[in-house]
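Colleague: Residue numbers (my numbering): 9 to 141.
Have a look at this one.
Shown next as structure tokens:
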């Protein structure tokens, strides 16, 4: 066999994000599944990657403005193809997503402060707006 499958995870599947427990859990499962399949099927000629973006401007933002750091679908696809050619298994994009992933792994106190502040902001949004946005 041959081929390359790119699954869609999320940066939320690599780091804990307040008020996104279910979403983050499902995306974490996609990442883990992709890594498992990579090892299980590479000898059969199948390759796998998992794309772990930050915010991508898609209909998921229906009715609300996408965050300023969001990327277009076209930017995402271009980056995925470039990383796939390099043989990347886990593809994290854009830079803001890579930066927060780095903080989570390497500078945990800084990461914790950012997430605690985000949790406070989202908690207040739920209280006043009925949504975390």
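No residue lacks a Cβ here, since even glycine has one placed at the ideal position from N, Cα and C.
So, is residue 57 buried or exposed, given that buried needs 16 or more other C-beta atoms within 10 angstroms?
Modeller: Per the 10 Å Cβ criterion, buried.
Colleague: Using the rule of at least 16 other Cβ atoms within 10 Å of the residue's Cβ for burial, across every protein chain shown, is residue 71 buried or exposed?
Modeller: Exposed, by the Cβ-count rule.
Colleague: Could you give the distance in angstroms between the alpha-carbon of residue 32 and the alpha-carbon of residue 108?
Modeller: If I take the Cα positions, the gap works out to 15 angstroms.
Colleague: DSSP three-state label for residue 44, please.
Modeller: The answer is helix: DSSP assigns residue 44 an H, G or I state.
Colleague: Between residue 75 and residue 96, what straight-line distance do the alpha-carbon atoms span, to the nearest angstrom?
Modeller: Near 26 angstroms, if we compare the C-alpha coordinates of residue 96 and residue 75.
Colleague: Report the option in 61, 137, 20 and 45 whose CA atom is closest to the CA atom of residue 12.
Modeller: Of 61, 137, 20 and 45, the residue nearest in Cα terms is 45.
Colleague: With residue 99 and residue 59 assumed to form a contact (beta carbons below 8 angstroms), what rounded beta-carbon distance in angstroms separates them?
Modeller: Confirmed, about 5 angstroms.
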